[in-house]
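Structure, as structure tokens:
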Amino acid sequence: MVSVAMVSLTLQRIAVICRQLTHLELTENILNHKTGSWLHAFPSGLTSLVSLSFEDIDHEDMDFDALEVLLSQCRGLKTLRLNRNVPLIQLQRVISICPQLVELGTGSFSPALSQKAQYTLRQSFQKCSELRTLSGFWSVAPGHLPTIYPICSNLVSLNLSYAPICDVELADLVSHCSNIQKLWLMDTVEDKGLESVAMSCKNLQDFRVYPSSTRAGQGVTEEGFMHIARGCPKLRAILYFCNQMTNAAVEVMSKNCVDLLSFRLCIMEPAKPDHTTSAPMDEGFGAIVQHCKSLRRLSLSGWLTDKAFEYIGMHAKNLERLSVAFAGESDVGLQYVLRGCMNLKKLEIRDSPFGDMALLSGLHRYESMHSLWMSNCSVTITGCQWLAKHKPRLNVEVIQKNDKDNTPNALVESVYVYRSVVGHRKDRPSFVMAL
12 MVSVAMVSLT LQRIAVICRQ LTHLELTENI LNHKTGSWLH AFPSGLTSLV
62 SLSFEDIDHE DMDFDALEVL LSQCRGLKTL RLNRNVPLIQ LQRVISICPQ
112 LVELGTGSFS PALSQKAQYT LRQSFQKCSE LRTLSGFWSV APGHLPTIYP
162 ICSNLVSLNL SYAPICDVEL ADLVSHCSNI QKLWLMDTVE DKGLESVAMS
212 CKNLQDFRVY PSSTRAGQGV TEEGFMHIAR GCPKLRAILY FCNQMTNAAV
262 EVMSKNCVDL LSFRLCIMEP AKPDHTTSAP MDEGFGAIVQ HCKSLRRLSL
312 SGWLTDKAFE YIGMHAKNLE RLSVAFAGES DVGLQYVLRG CMNLKKLEIR
362 DSPFGDMALL SGLHRYESMH SLWMSNCSVT ITGCQWLAKH KPRLNVEVIQ
412 KNDKDNTPNA LVESVYVYRS VVGHRKDRPS FVMAL
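For the sequence shown, my numbering begins at 12 and goes up steadily by one.
Okay, structure coming up:
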């Protein structure tokens, strides 16, 4: 596999040398990032590609003829991810050339097509009988999602996290997606859309709802969350951005989705309490760690007191990764976690009140963890120095991007603690101080 974030000339050399290249992922073509000239870098006899992804590079003038030639040569291609500048009309040509695809990133899924062209696109999708994963959908032309209906029953993964579709469009779509296990959405579908998901997607295991930056005050709430909790008992992982939440809703998920491995709840307003009772969100997160015994990853948000962290330290014995933002009451909360979660590998904290006492309470733990990140907390340079002195095998880095006071009691902007067999890294920028 080759991942290229270089110039087109380098890609040409790779293509010539690696005659049996099977996997190619392009990220940032910095020399010709506005053209599709890289498509001419491949030798005419290249037939070995199994996976090609260029969804992350922004070409305004793609050479579609060259793309079609390349795709027609690689009859074993299984994965293809197109960028946002590939229009629907070109997508139809692509999938007619590659009906054997298993994974497809669709490109823009716009602009609108005539009814005849929509019918042709639908027929082309119908021939893609091996297709199991769909993503892309950078923008969706109204009324065009039905073109993928013929293959929806085969799909196990559908990523619509860039597509600002409405609840009605989603309801029609997921009614055809009975086998979906992984579904990512934008919150434009609102609670009504999530109700449709809960009714149709009984095998759902990985579910995410991302926020739309243009819809302040709207999106999804605890109502949609409860629909998913009640309708999708096989859920293993959830990432949920919302404007409001209640302990009762989280408790419903804790009891109905006991096999959760990853629970990430992001209440967008910092330190927001239970929307109904105005109480802290302690009991909701407490229910998650008490009922979901296999939980490996947890992200906290909302108004939380030390009680929530006590629950985590007491019950989350398999937890490996914890993320905390705008939460916590005192150093005692973090002490509960560091003393109780003995399998913890990665701890990320930002904009929380934890200070030196909390930092140093994990002195006995950090050598068995992968990393600790604390940003905009109440940690001082003195606390970081003490940690570095007493644990010399750890790398302790203080990040001060802004000109700040470096006196012993000054608060640090960020501290990063990690293990490394080679010591401090040599590529540190000037604002990173290794202790």
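Just so it is clear, CB atoms sit at the ideal spot from N, CA and C, and this is done for glycine as well.
All of these numbers come straight from a predicted model, not from anything done at the bench.
Stretch-stretch touch, CB-based, cutoff 8 Å, three pairs: the segment 189-201 with the segment 149-156: Judged by Cβ distances under 8 Å, the segment 189-201 makes no contact with the segment 149-156, as fewer than three pairs qualify.
Cβ neighbour criterion (16 or more within 10 Å) applied to V432: With fewer than 16 neighbouring CB atoms inside 10 Å of its own CB, V432 falls in the exposed class.
As assigned by DSSP and simplified to three states, the class of D217: Here D217 sits in strand by DSSP.
Coarse secondary structure for A421, derived from DSSP in three states: A421 falls in the coil class under three-state DSSP.
Under the three-state DSSP convention, the category Y173 falls into: Looking at Y173 - three-state DSSP - the assignment turns out to be coil, as it is neither helix nor strand.
Terminal residues of the beta strand (DSSP E) in which H34 lies: H34 to L37 is the span of the beta strand (DSSP E), which, as asked, contains H34.
Close beta carbons around G116, own chain, < 6 Å, minus the five adjacent residues each side: Shown here for G116: same chain residues with a beta carbon closer than 6 Å to its own, the five before and five after excluded, namely E66, R92, L93, S146 and G147 in chain order.
Beta-carbon separation (whole angstroms), R350 vs G324, contact threshold 8 Å: Contact between R350 and G324 holds, with the beta-carbon distance rounding to 6 Å and staying under 8 Å.
Cβ shell of M279 (< 6 Å), same chain only, five flanking positions each side left out: Cβ within range, chain order: N254.
Bridge-paired residues (DSSP) for S64: DSSP, once it has assigned bridges, lists E36 and R92 as partnering S64.
Coarse secondary structure for V269, derived from DSSP in three states: DSSP, read as helix, strand or coil, puts V269 in coil.
W195, enclosing beta strand (DSSP E) - first and last residue: Counting along the chain, W195 sits inside the beta strand (DSSP E) bounded by residues K193 to M197.
Completely contained beta strand (DSSP E) runs for the segment 260-344, where each covers 3 or more residues: Complete beta strand (DSSP E) runs here, min 3: 273-278, 308-311 and 332-336.
Proximity below 8 Å, CB of V261 to CB of G230: No; because the gap between Cβ atoms is not below 8 Å, this pair is not in contact.
Beta-carbon proximity check, Q346 vs A369, cutoff 8 Å: Less than 8 Å divides the Cβ of Q346 from the Cβ of A369.
Entirely enclosed beta strand (DSSP E) segments - the segment 375-438, minimum 3 residues: Whole beta strand (DSSP E) segments, 3+ residues: 382-386, 405-410 and 425-430.
Backbone CA spacing between L20 and L37 [nearest angstrom]: At L20, the pLDDT of 48 sits below 50, so the modelled position is not reliable; the number obtained from the coordinates is stated separately. Taking C-alpha positions only, L20 is separated from L37 by approximately 13 Å.
Cβ-Cβ separation, E340 to P364 (assumed contact under 8 Å), whole Å: Indeed, because the Cβ distance is near 7 Å, the residues count as touching under 8 Å.
Straight-line Cα distance separating S265 from A298: A298 and S265: Cα-Cα distance of roughly 6 Å.
DSSP state of D72 mapped onto helix, strand, coil: DSSP places D72 in strand when its eight states are reduced to three.
Burial state of Y130 (16 or more Cβ within 10 Å): Label assigned to Y130: exposed.
Separation of L181 from A209, as counted between CA atoms: The C-alpha of A209 lies about 12 Å from the C-alpha of L181.
Rounded C-alpha distance that separates L124 from A240: Spanning the two alpha carbons is a distance of roughly 38 Å.
Inter-residue spacing [alpha-carbon to alpha-carbon] between Y160 and F252: Distance between the alpha carbons of Y160 and F252 is about 28 Å.
Of the listed residues L271, S164, C85 and L171, nearest to G118 (C-alpha basis): If we check each option's Cα against that of G118, L171 comes out closest.
Sub-8 Å separation of L99 and H155 beta-carbons: In this structure, the beta-carbon distance from L99 to H155 falls below 8 Å.
Separation of L315 from M292, as counted between CA atoms: If I take the Cα positions, the gap works out to 6 Å.
Same chain only: Cβ atoms within 6 Å of K318, ignoring 5 sequence neighbours per side: Taken in chain order, the residues that qualify are D293.
Residue of K245, L112, E206 and R307 minimising C-alpha distance to D217: Among K245, L112, E206 and R307, the Cα nearest to that of D217 is on K245.
Inter-residue Cα distance where the pair is Q411 and N387: Q411 and N387: Cα-Cα distance of roughly 11 Å.
Alpha-carbon to alpha-carbon, S207 and L82: If I take the Cα positions, the gap works out to 37 Å.
Classification of G344 by the beta-carbon crowding that lies within 10 angstroms, buried from 16 upward: Under this definition G344 is a buried residue.
Candidates V409, L311, P222 and R104, of which the one nearest V423 by Cα: The shortest C-alpha separation from V423 is found at V409.
Cutoff 6 Å; reference F337; Cβ partners in own chain excluding five residues on either side: Contacts found: P281, A282 and D362.
Bridge-paired residues (DSSP) for S135: S135 is not bridged to any residue.
S146: first and last residue of the uninterrupted beta strand (DSSP E) it sits in: Going by DSSP, S146 is part of the beta strand (DSSP E) stretching over T144 to S146.
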